[in-house]
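Okay, so the sequence shown: first residue is 1 according to UniProt numbering, each after it adds one.
Beta carbons: idealized from backbone N, C-alpha and C, even for Gly.
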Amino acid sequence: QRTGGPSNVLRDACLVANVLDPRIKQEIIKKFIKQHLSEYLVLFQENQDVAWLDKIDRRYAWIKRQLVDYEEKYGRMFPGEWCMTERIAVEFCHVTRAELSKIMRTRAKEIEVKLLLFAIQRTTNFEGLLAKRFSGCTLSDGTVKKPEVPPPSTNPFLEDETGAEADEIVMEKSDTDKPKKPKVPDNPFHGIVSKCFEPHLYVYIESQDKNLGELIDRFVADFKAQGPPKPNVDEGGAVLPSCADLFVYYKKCMVQCSQLSTGEPMIALTTIFQKYLREYAWKILSGNLPKTSSSSGGLTITSLLKEKEGSEVAKFTLEELCLICSILSTAEYCLATTQQLEEKLKEKVDASLMERINLTGEMDTFSVVISNSIQLLVQDLDAACDPALTAMSKMQWQNVEHVGDQSPYVTSVILHIKQNVPIIRDNLASTRKYFTQFCIKFANSFIPKFINHLFKCKPISMVGAEQLLLDTHSLKMVLLDLPSIGSQVVRKAPASYTKIVVKGMTRAEMILKVVMAPHEPPVVFVDNYIKLLSDCSTDTFQKILDMKGLKRSEQSSMLELFRLRLPAPPPGGDGAGSLSLSAPTPEQESSRIRKLEKLIKKRL
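Written as structure tokens, this is what we have:
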């Protein structure tokens with residue numbers, strides 16, 4: 001038969017077999033294919049040089065020639081519905097998979113990652129060619145079915161070759177609950193040969209572990225050699241280029257691994273990804289955040305001496321502020337991309353293994369870097385304002401004789417705000433929500449500190465209290481404008497921020513209003529305090545009395561009266577009362593400020 005070619009008699013015999021018992025047809029097919037592949041088993045025996053992985057191309061070149069030869073000699077002999085060409089190719093794949101498995105078990109120590117990837121690539125390319133040429137209708141293992149109309153673009157390997165899958169790790173969010181696409185590939189020949197490489201994928205995983213370790217070390221060395229990114233106010237905070245390099249490498253690994261296996265190797269690779277996401281967060285991001293002078297947990301002797309001398313405390317330089325913003329922006333990018341990486345990994349892995357892919361811990365790590373970066377920016381501005389607040393508390397407020405313009409300490413605070421905030425805002429232009437967080441955290445830190453220093457201003461004369469009230473109002477206006485200070489584009493401050501400033505600074509103003517109120521008769525004074533401050537703390541009331549400069553004997557009777565005049569215990573009723581009582585307060589306070597402003601204008 002091999003030399004004579006097809007004849008009408010043989011063709012007619014096949015047609016007869018086609019209508020007889022199917023077992024006869026199967027026997028004919030089986031014998032023909034076995035005879036057709038007998039040469040292959042001899043040429044590529046385990047002891048032959050061409051049998052090893054480095055010459056795997058020769059196996060696929062051989063079957064291509066055989067299929068062309070079959071079409072020429074026997075193409076018309078067998079009925080078309082027998083799909084003989086596909087059957088020969090499928091049997092070749094089964095034989096090749098068994099032979100490769102056997103030889104790799106024998107020579108496992110000789111398998112290197114480059115050789116393994118080469119063999120995988122050539123094999124998956126061959127499987128892709130089979131998908132183009134055949135429908136897969138003869139496959140009988142039950143796990144794959146003939147695709148109805150296989151669109152070319154859905155072939156995962158063709159996708160990779162054209163760069164569609166590797167183009168961007170950030171893809172549209174798909175149904176992660178139903179990860180069907182990667183689990184049942186449109187290529188029915190996917191894994192028909194390449195499945196034999198899966199037991200040896202540990203070589204690939206170990207290689208990626210080593211490569212990623214070297215990559216992180218290179219990032220660390222590059223950062224030390226090149227230094228922090230240059231300040232770029234026009235474009236906002238720059239994301240460190242190393243993070244993009246890391247995720248590009250992750251994408252490449254994920255695509256390579258998923259082409260071969262969507263099982264346990266993908267879980268092992270995910271574990272490696274997690275390890276180096278954490279290392280990147282700590283070695284590249286947290287490890288390069290500038291250190292503060294009080295980062296050890298308390299003030300140093302130097303900072304205390306500087307404060308005594310009235311000089312400025314050490315502040316971050318422009319470059320350091322930009323670096324913090326850059327690290328914050330990079331951490332935000334890593335956080336978002338890690339979430340998308342998790343989604344992509346879940347799409348790639350078998351549905352039964354999806355539960356084991358969880359990058360929440362790594363996302364939390366990047367969130368911590370963001371939080372620490374914001375805290376550093378807040379601490380820096382906060383510490384810069386400390387000397388001014390200390391100067392405020394040390395002024396002789398009982399000796400102030402007239403109300404003038406805002407005090408020097410207010411000018412100092414405003415100066416620091418104008419120096420820092422525009423830099424931070426411009427460098428966080430791409431991450432507005434974190435700039436808002438910075439503003440909120442600064443307000444929550446600065447305002448209570450300001451009120452604490454206000455209590456240290458004692459004793460205070462009436463005129464001194466008026467000056468402090470004017471200063472407090474000036475600070476309030478600056479804080480309300482803080483998010484857009486120094487910006488040509490004036491944006492309305494976020495309501496969440498405005499609420500904090502108004503509440504905190506209004507309390508400071510109310511404290512001064514109480515101080516300015518006459519303490520005779522005592523009952524009126526105590527009731528006025530309770531209405532304006534809604535504060536039932538005897539400590540706060542004691543501080544107010546100290547600010548007024550009352551003698552201890554007067555304070556004792558006042559405190560006793562205060563305890564008697566406190567509202568009834570139910571906190572709910574007290575809360576409601578405080579709201580209604582404090583409602584007219586801002587109007588009273590603004591009226592007072594207007595009078596003070598008129599007084600200043602007259603003097604000017």
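A distance below 8 Å between beta-carbons, with the five flanking residues on each side excluded, links Val95 to the following residues of its chain, in chain order: Leu37, Tyr40 and Leu41.
Cβ-Cβ separation between Lys283 and Val220: approximately 6 Å, consistent with a contact (criterion under 8 Å). Shown here, Asn187 sits in coil according to DSSP, grouped into three states, outside any helix or strand.
The closest CA to that of Gln398, considering only Ala391, Gly549 and Ile440, is found on Gly549. Taking 4 residues as the shortest admissible run, the stretch 399-449 contains the following complete alpha helix (DSSP H) segments, listed from N- to C-terminal end: 408-427. For a cut-off of 8 Å, the C-beta gap from Pro265 to Ile205 is around 7 Å, short enough to register as a contact. Taking the CA atoms as reference points, Leu212 sits about 16 Å from Leu341. For Leu269, the CB contacts under 8 Å within the same chain, skipping 5 residues up- and downstream, are Ile205, Gln208, Cys253, Met254 and Cys257 in chain order. DSSP, read as helix, strand or coil, puts Leu139 in coil. Taken through DSSP and simplified to helix, strand or coil, Lys252 comes out as helix. Linking Trp52 to Arg87 through their CA atoms gives a straight-line distance of about 25 Å.
By the Cβ criterion, the stretch 119-127 is not in contact with the stretch 67-82, since fewer than three pairs of Cβ atoms, one from each stretch, lie closer than 8 Å. Rounded to whole angstroms, Leu512 and Ser496 show a C-alpha spacing of 25 Å. Inter-residue distance for Ile544 and Glu401 is about 21 Å (C-alpha atoms, whole angstroms).
Contact check for Ile29 against Trp82 passes: the beta carbons are separated by less than 8 Å. Contact check between the stretch 437-449 and the stretch 365-384: three or more CB pairs, one atom from each, fall below 8 Å, which counts as touching. For Gly504, the three-state secondary structure derived from DSSP is helix. Inter-residue distance for Gly263 and Val349 is about 6 Å (C-alpha atoms, whole angstroms). The alpha carbon of Ser537 has as its nearest neighbour, out of Gly128, Leu566 and Arg23, the alpha carbon of Leu566. His200 and Phe126 have their C-alpha atoms roughly 20 Å apart.
The shortest C-alpha to C-alpha distance from Ile327 to any of Met84, Lys291 and Ile370 is the one to Ile370. Straight across, the Cα-Cα distance linking Ser461 with Gln406 is about 17 Å. Taking Cys457 as reference, the option from Glu112, Thr540, Asn444 and Asp546 with the minimal CA-CA separation is Asp546. Counted as a single uninterrupted DSSP element, the stretch harbouring Cys536 is not any alpha helix (DSSP H), since DSSP gives it neither H nor E. The alpha-carbon of Gly464 is positioned some 23 Å away from that of Lys503. A contact between stretches requires three or more CB pairs, one per stretch, nearer than 8 Å, and the stretch 381-389 fails this requirement with the stretch 359-370. If the five residues before and after Gly287 are omitted, its C-beta is found closer than 8 Å to the C-beta atoms of Val220, all from its own chain and listed in chain order.
A Cβ-Cβ separation of about 6 Å places Pro522 in contact with Met558 under the 8 Å criterion. Here Pro188 is buried: its Cβ has 16 or more other Cβ atoms, across all protein chains shown, within 10 Å. Under the three-state reduction of DSSP output, Ala493 falls in the coil class, being neither helix nor strand. Where Met104 is concerned, the enclosing alpha helix (DSSP H) starts and stops at Met84 to Thr106.
No residue range can be given for Tyr280, since it is assigned to no alpha helix (DSSP H) and is classified by DSSP as neither H nor E.
For Phe223, the enclosing alpha helix (DSSP H) covers residues Tyr202 to Gln226. In this structure Ile423 touches Leu321 by the C-beta definition: roughly 5 Å separates them, less than 8 Å.
Residue environment for Ala281: buried (at least 16 other C-beta atoms within 10 angstroms of its C-beta). The Cβ atoms of Thr472 and Ala443 lie no closer than 8 Å to each other.
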